[in-house]
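For reference, the structure discussed in these notes is given below.
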Amino acid sequence: MTPPSPSGCGGGDYRRTAAFALVPEDSGTAAALMVYRAVPGEKVRIVGGVAVKNFKKWRGEILRADLRAQGITDYGEMISRGKGRTNVAGLELFFNGRPMTLARWPNVGWAYTGAGTTDKAENQFAYEGERAARWVKAPDAWVHGYWYYDWADHYERITSIDTVHHVIDTAAPNPAYGYRAGQRWQLVNALDELDEPGEWYLDRGAGMLYFWPPSPIASGVAEISLLDKPLVSVEGASYVEFRDIAFEVTRADGIVMDGGSHNRIEHCSIANAGNAGVVIRGGAGDAVEDSEVRGTGDGGIVLDGGDRKTLTAAAHIAARNYIHDYARWSRTYTPAINVSGVGNRVIGNTIDHAPHFAIWVHGNDHLIEGNDVHTVSMETGDVGAYYIGADTTERGNTVRGNYFHNLGLGDVNAVYLDDESSGSFVIGNVIRGAARGVKIGGGNDNVLEKNKFVDDDIGIHFDARGMGWQKAYFDGTNPALLNRLKAMPYKEEPWRSRYPQLPGFLDQTPGLPTGNAIHDNECWCRIWVDYRDKLTEKNMDSAGNQVHPDKAVWNPEWVKGMGLDIDTSLLARRLTAMSSTQAKLTIENQGRSTQNGVFEIWIEPGVDAKIVTPSEIPFSLKPGEKTERTMTIEHASPVYLGAYLKGESFVPAGIKMK
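Right under this line is the structure:
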């Protein structure tokens, strides 16, 4: 192919109908990189979609455009997505560079599956109220929900609605864990629910796009995604660099680098991809640095490289990026940065505004350092901002000098070492206002040193699940954990020297966590260490820790010294039940700039209940300021109540008012 111009690409939109593909023959060298960049001072966009024209008034504020008349006939399709199902997106709509909302109900908050839902039902759930009668004839209506666990979401297509018995049936593949009563859900993709600014709907049969723009249509650009491949594919090429370019709008991943080495993405923005922003697989020494990733349907950056059996590092790096408002479609297990393999680095990134993980780690000897992680895990439970789990061979990972703060409410951990995860080093982090600072879920040889646990409910959770509810991992009932152990040459070099405790793993008391240490930490928490499953202080090597009886007085120097005094929008919020009819919303500006906005209070629809006090709470808070508002509700039976900050890309679960 033609090499890039030495002067760079001129400004403008370059609309792609196929991936920009590079192969080994397009490589540069260490001495002469192959650089694709914008001309200094000019804006270059690589776009996998087109602008939609000729919107006409339809009903009220809703406009519509005939896509067929504009030569657009490939709309893709809605496919079941969610945990473990990161399928390519169908056509999406963006306005002024922001993703619009597929028409849904309820607009704010969640409905909850009815009491008549059969536990673990495969393809149906009960609902409350009469709203579903509006969807009986909807041609392609879907439901999205956390159907069984608050850490697993799925989208399911509606096949039928029984309005007499209040039951909705769904098509295969159905939720991975089935349905149960009292779980959150929403209806999506129904024209009858297009009823507020920012919502849209596509009639695939007629090729008609319906849209209620959030501002006058003439004030911006409406774009739809058409490309169902990555915007850029680097297959086996090396020493290629992309710099100062915006990559926007595709149904698939933004940029994929597979194989090759020493490729770099620098000072770029990757936005509004249907799947991940950047995917790096194989190779060595690739980098994503000083870039922004936002508005992705699934995750942000994937770093996958290195040889686990030989413990050969790939040395990929994601550094100083700003990753936010990701996981729009698949809400769970699509983190800002997904790290696997051996010896990759995640350094100095800012990660915020997401429903589930910030960083998910698989593999060995990764370094997670100096990241500012906040306002994540906001829509889920039994979750960690940083997460690793279910493999005792994934050792040598270091979580050092990070700032975890303003995490979701409820069952949320800043650092989650789940399901026998072992051999991690959690050192010098500041963890502020978390339900739990670090959760050690039964693993061995984890070291926690010099961390500050500030106003966390529980500093450290420590359990022996392998001797209790998870003993199936050790008694042969569930061989998954031991199979992962056997798959690695853990008794041979270099494993034997790198992880000297691992060769004797099977000689220990099955499921008993050993070798864990907490040294020189400082804690201002309600509970310092929460020992579970008959564990005591005797099961933990503890020394030099300072446990303060009083609430902490926040000291900004704790994070300034880490280089993490970053000015991002940061609003801590907490909704608590005060009585059966009153709840309190506490809002605190923990950022460095004045914050304005509106919280919308929502109540579970379809039940006999109402909010008596105003449902909208406007606020304006200077840095460090806090406000509290009390809401009053009337209800005849238990009901869920929630608070949503207008404009955010996630909807926290409600609290149950009894």
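Letter by letter, the sequence shown follows residues 320 to 977 of the working numbering. In this text, a Cβ means the ideal position worked out from N, Cα and C, and glycines have one as well.
Outcome for Y496 when other beta-carbon atoms lying within 10 angstroms are tallied against a minimum of 16: exposed
Of the choices G910, R523, P535, A388, whose alpha-carbon is the least far from that of T694? G910
Check whether the segment 722 to 737 and the segment 750 to 760 touch, using three or more Cβ-Cβ pairs below 8 angstroms as the test. yes
Count the other CB atoms within 10 Å of the CB of M897; is the residue buried (16 or more) or exposed (fewer)? exposed
On a CA-only basis, which of D774, F339, K903 is nearest W843? Give me that one, please. D774
Write down the C-beta distance between I589 and G578 rounded to the nearest angstrom, noting that I regard them as a contact closer than 8 angstroms. In fact, because the Cβ distance is near 20 angstroms, the residues do not count as touching under 8 angstroms.
Using DSSP bridges, identify the partner residues of N683. V661
Is the beta carbon of A338 sitting closer than 9 angstroms to the one on S552? yes
Quick one, are the C-beta atoms of I381 and F530 less than 9 angstroms apart? yes
How is the beta strand (DSSP E) around V718 delimited, first residue to last? 717 to 719
CB-CB under 7 angstroms to M320, same chain, minus the five flanking residues each way: which ones, in chain order? Annotation note: pLDDT 37 at M320 (below 50); position unreliable, coordinate value reported separately. Here the set comprises D345.
Please report how far the alpha carbon of A655 lies from the alpha carbon of G625, in whole angstroms. 20 angstroms
Taking D605 as the reference, which of R613, R583, V621 has the closest Cα? R583
Rounded C-beta distance between L506 and W424? I'm assuming under 8 angstroms. 5 angstroms
Starting from the C-beta of L386, find all residues in its chain whose C-beta is less than 6 angstroms away, skip the five residues before and the five after it, and write them out in chain order. G526, L528
Which stretch, first to last residue, makes up the alpha helix (DSSP H) that contains R650? No alpha helix (DSSP H) contains R650, which DSSP labels as neither H nor E.
Pairing CB atoms from the segment 637 to 645 with CB atoms from the segment 604 to 620, are three or more of them under 8 angstroms? yes
Segment limits, alpha helix (DSSP H) that includes R817: 814 to 817
Closest Cα partner of K571 within the set G539, D438, G616, D393: Contrary to the premise, residue 571 reads as Ala rather than Lys in this sequence. It is G616.
Closer than 7 angstroms by C-beta to R817: which residues in its own chain qualify, once you throw out the five before and the five after it? Chain order, please. L630, G715
Would you mind sorting N725 into buried or exposed? The rule is 16 or more other CB atoms within 10 Å of its CB. buried
Need the endpoints of the beta strand (DSSP E) that W377 sits in, please. 375 to 378
Taking 9 angstroms as the threshold (C-beta atoms), are M397 and Y520 in contact? no
How would you label V749, buried or exposed, when you count the other beta carbons within 10 angstroms and need 16 or more for buried? buried
Outcome for T432 when other beta-carbon atoms lying within 10 angstroms are tallied against a minimum of 16: buried
Could you give the DSSP three-state label for Q389: helix, strand or coil? helix
Once the 5 residues before and after G517 are set aside, which same chain residues still bring their CB inside 6 angstroms of it? M419, T420, P533
The beta strand (DSSP E) that contains T621, what's its start and end? Looking at the sequence itself, residue 621 is Val, so the reference to Thr does not match. First-last of the beta strand (DSSP E) with V621: 620 to 626.
Please name the residue, chosen from S399, P535, D563, G539, that lies closest to P494 on a Cα-to-Cα basis. S399
Mind checking whether I477 and V486 have CB atoms under 9 angstroms apart? no
Give me, in chain order, the residues of the same chain whose beta-carbon lies closer than 8 angstroms to that of G347; leave out the 5 immediate sequence neighbours on both sides. M353, V354, S557, Y558, V559, E560
Quick check: what's the CA-CA separation for A754 versus N732? 6 angstroms
Any idea what DSSP makes of V878, helix, strand or coil? helix
Between which two residues does the beta strand (DSSP E) carrying T451 extend? According to the sequence shown, residue 451 is Ala rather than Thr. Neither: A451 is in no beta strand (DSSP E) and is coded neither H nor E.
Express the C-alpha separation of E411 and V540 in angstroms, rounding to a whole number. 14 angstroms
I'd like the list of long-range same chain contacts for V358, defined as Cβ closer than 8 angstroms, with 5 residues on each side in sequence excluded. S326, G327, C328, G329, G330
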